[in-house]
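Peer 1:
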Amino acid sequence: MAFVLDASIALSWCFPDESNEKADSILLRCELEKVFVPSIWPIEISNALLVGWRRKRLTQEQVETAMRLLSLLDIQISTSHSIQHARRIIQLAQQWELSTYDASYLDLALQEGIPLATADEKLAVAAKKSSIPLF
1 MAFVLDASIA LSWCFPDESN EKADSILLRC ELEKVFVPSI WPIEISNALL VGWRRKRLTQ
61 EQVETAMRLL SLLDIQISTS HSIQHARRII QLAQQWELST YDASYLDLAL QEGIPLATAD
121 EKLAVAAKKS SIPLF
């Protein structure tokens, strides 16, 4: 079964102090399932790693290792970049009081009709209320 992967789960694999069983089990599923992410995912991941490095939560070696490992995953990046798409994301963000970044994950799960893997509580609630199963 395919699913949408939120950056919050992927970043749990990158930051030693955020490691958890749920995220680890999802990582194993990434090898077996088709994984989708919105187009902002690589930028969101790289920014979080950069901030982690700047705040001394990660070493340069950990940043490079994380990027190398994430690049090995077979992740399908959505390329929807139209104004109509942005409008739909804003509407979801307004409806569920999410950032547009988080709403982009919800939108992709809705568009593909697939579950969402997230560690973000607010996004998880919005997904449940939108009849999107959590992965």
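Residue 39 in UniProt numbering is what sits at position 39 of the sequence shown, and the numbering runs on without skipping anything.
Every residue, glycine too, gets a C-beta built ideally from N, C-alpha and C.
On a predicted model such as this, the values are computed, not experimentally measured, just so you know.
Could you give the C-beta distance for L116 and D6, rounded to a whole number, given that I count them as a contact under 8 Å?
Peer 2: For this step, residue 116 is matched to residue 116 along the sequence shown. For this step, residue 6 is matched to residue 6 along the sequence shown. Their Cβ separation, rounded to whole angstroms, is 7 Å, which keeps L116 and D6 in contact under 8 Å.
Peer 1: For W13, collect the residues of the same chain with a Cβ closer than 7 Å to its Cβ; drop the 5 residues on either side in sequence, then sort them by chain order.
Peer 2: Position 13 of the sequence shown, counted from the first residue, corresponds to residue 13. Apart from the 5 residues on each side of it in sequence, W13 sits with its Cβ closer than 7 Å to the Cβ of A23 and L27 in its chain, given in chain order.
Peer 1: Pick out the complete beta strand (DSSP E) segments inside the segment 20-46, 3 residues or longer, and give them in chain order.
Peer 2: 35-37
Peer 1: Taking the CB atoms as reference points, tell me whether M67 and L49 lie closer together than 8 Å.
Peer 2: Locating residue 67 in the sequence shown gives position 67, counting from the first residue. Locating residue 49 in the sequence shown gives position 49, counting from the first residue. Yes; because the gap between Cβ atoms is below 8 Å, this pair is in contact.
Peer 1: Report the three-state DSSP secondary structure of A124 (helix, strand or coil).
Peer 2: Against the sequence shown, residue 124 aligns to sequence position 124. Here A124 sits in helix by DSSP.
Peer 1: Look up A48 in the DSSP assignment and say whether it is helix, strand or coil.
Peer 2: The residue given as residue 48 occupies position 48 in the sequence shown. In this structure, A48 counts as helix in the three-state DSSP scheme.
Peer 1: If contacts are defined as beta-carbon pairs under 8 Å, then S78 and P38 qualify, I think. What distance do you get, rounded to the angstrom?
Peer 2: Residue numbering aside, residue 78 sits at position 78 when the sequence shown is read from its first letter. Residue numbering aside, residue 38 sits at position 38 when the sequence shown is read from its first letter. With 8 Å as the limit, S78 and P38 qualify as a contact, their Cβ atoms being about 5 Å apart.
Peer 1: Near Y101, which residues of its chain fall below 7 Å by C-beta distance, leaving aside the five closest residues on each side in sequence?
Peer 2: Here residue 101 corresponds to residue number 101 of the sequence shown, with the count starting at 1. So the qualifying residues of the chain are I40 and E44.
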